[in-house]
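Asks: The sequence shown runs -3 to 266 under our numbering. All residues carry an ideal CB built from backbone N, CA and C; glycine is no exception. Keep in mind the model is a prediction, meaning the values are calculated, not measured.
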Amino acid sequence: MPGYFQFTFIRKQDRELPKSPDYFHDKTILVTGGASGIGRATASIFAREGANVIVADIDPKGAEVVAAAVRDSNANAQVVAVDVTDRSSVDSLIAAGIDTFGRIDFLLNSAGAAGRRSSFLDIDAELWRQTYALNVEGVFNTMQSVLPHMIENNHGVIVNIASMAHRRGGPGHSTHYASAKGAVITLTMGVAREFVDRGIRALSISPGPIDTAFQSVSSPELRQGMTDDVPMKRMGTPEEIGEMVLFMCSDACEFMTADTVYINGGGGFR
Ligand SMILES: NC(=O)c1ccc[n+]([C@@H]2O[C@H](COP(=O)([O-])OP(=O)(O)OC[C@H]3O[C@@H](n4cnc5c(N)ncnc54)[C@H](O)[C@@H]3O)[C@@H](O)[C@H]2O)c1
C-alpha cells in the first residue's frame, strides 16, 4: 500500500482550492441575501480567502452582523441595504459596490424564499407575483445591472442559487416556487451562453434542503419528509453550498459555465 499513502500525502499537500494562491485576495464578491443562511456562510468563506465582501440584503441589521464577522477575519466588508425586486435599488447597490472597491468580480444571488406554501389551486395572483418578483426578477435585475461592468472588465462569475425543487415541481405546496427556480436555471444558462466570449461565466446551484432560516417556515412534517427523502438523512449546511460557490468562482473552474450543480446528499429528485 505505499503507493496509496504516497498518493494521499501528495493530495493533501495539493489541497489549495484556487489554482493560484491568493487568487481571491482583493477581488470582490457581491452577495445578495448576505445577511442569512447560504449568503452569510458564503460571505465568511470568501472573507477567509481575503476577498472584499459586499453584504447586500433587505435586512441591513443582519447584514451589519455579517460584515462585522468579515472584518474580524481581516477582510473588507460593505453593507448595502437593497430590495432585489426594485431595479433602482439594485442599480444603486452595484454603483455603491464599484465606488467602494473599484470592481465587482463575483456576484452571488442568494436572496430568495419559497414564501407561503400553497397547493396549486390555492395559489393566488399575489403569491405568484411575489414569488416571481423575488426569485426570478431579483436575479434578472442584479445580473442585468452588473453585467456591463463585468463586460468592461472582461471578467466576472455569477452564481445563482436555484433549488432541487425545480426537479420535483413542488407538488402540493410549492409549484410557484419550484417553477420560479426552474426559470433561474434557464436564465443563468442563457446569460452564460450569451456572454461566454466576454470573460463571463454564469452557473447555478440547486441545493436540496439546507438548514437555514428558510426552512423555519416549513412545517415539522414537511421538514421531516424532506430529510427522509435525502439518502444521507440530514439537511445540508449553508457552508456546504458556500464552498461550492468559492470553487465555481475560482480559477480552478474555468471550463465550467451555464449549468446547475446539484448539492443534495444524494436525493431531492427521485
Ligand atoms: N434552505 C434551503 O433549504 C434552500 C434549498 C434550496 C434553495 N434555497 C435557496 O437558497 C437561497 C438562500 O436561502 P437561505 O436558505 O440562505 O435562506 P435565508 O432565509 O437564510 O436567507 C435569505 C436572505 O435573503 C434576504 N432577502 C429576502 N428578500 C430579499 C429582497 N427582496 N432583497 C434582498 N434580500 C432579500 C433575507 O433577508 C435573507 O437574509 C434562496 O434563494 C433559496 O430559495 C434554499
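Is it a yes or a no for the stretch 48 to 61 touching the stretch 109 to 121, going by three-plus beta-carbon pairs under 8 Å?
Replies: Output reads no: the stretch 109 to 121 does not touch the stretch 48 to 61.
Asks: For A107, tell me which candidate among H21, A129 and G262 has the shortest Cα-Cα distance.
Replies: Closest by alpha carbon: A129.
Asks: In the DSSP assignment, find the unbroken alpha helix (DSSP H) run with S84 in it and report its ends.
Replies: Here the alpha helix (DSSP H) through S84 covers R83 to F97.
Asks: Determine the extent of the beta strand (DSSP E) in which Q74 is found, giving its start and end residues.
Replies: Looking at the DSSP string, the run of the beta strand (DSSP E) that includes Q74 is A73 to A77.
Asks: Check G232 in the structure and name its three-state DSSP category.
Replies: DSSP places G232 in strand when its eight states are reduced to three.
Asks: Evaluate Q220 with the Cβ neighbour count: other Cβ atoms within 10 Å of its Cβ, from every protein chain shown; 16 or more gives buried, anything less gives exposed.
Replies: The residue is exposed, with fewer than 16 neighbouring Cβ atoms inside 10 Å.
Asks: How would you write the range of the beta strand (DSSP E) that S202 sits in, first residue to last?
Replies: Taken as a continuous stretch (DSSP letters only), the beta strand (DSSP E) holding S202 covers I196 to P203.
Asks: By alpha-carbon positions, which one of F102, H169, Q211 and A121 ends up nearest to P234?
Replies: Looking at the Cα atoms, Q211 is the closest of the given residues.
Asks: Between I201, G33, S85 and A43, which has its C-alpha nearest H21's C-alpha?
Replies: Among I201, G33, S85 and A43, the Cα nearest to that of H21 belongs to A43.
Asks: Quick one: Cα of R7 to Cα of E236, how far?
Replies: The pLDDT assigned to R7 is 41, lower than 50, so where the model puts this residue is not dependable; a value taken from the coordinates is nonetheless given after this. Near 21 Å, if we compare the C-alpha coordinates of E236 and R7.
Asks: Can you find the residues in the same chain that come closer than 7 Å, C-beta to C-beta, to A161, ignoring five residues on each side of it along the sequence?
Replies: Answer for A161: S170, Y173, A174 and K177, listed in chain order.
Asks: Taking C-beta to C-beta, are T208 and G33 nearer than 8 Å?
Replies: A contact, by the Cβ cut-off of 8 Å.
Asks: Going by C-alpha distance, which of M146, G262, G263 and T182 is nearest T256?
Replies: With distances taken between Cα atoms, T256 lies closest to T182.
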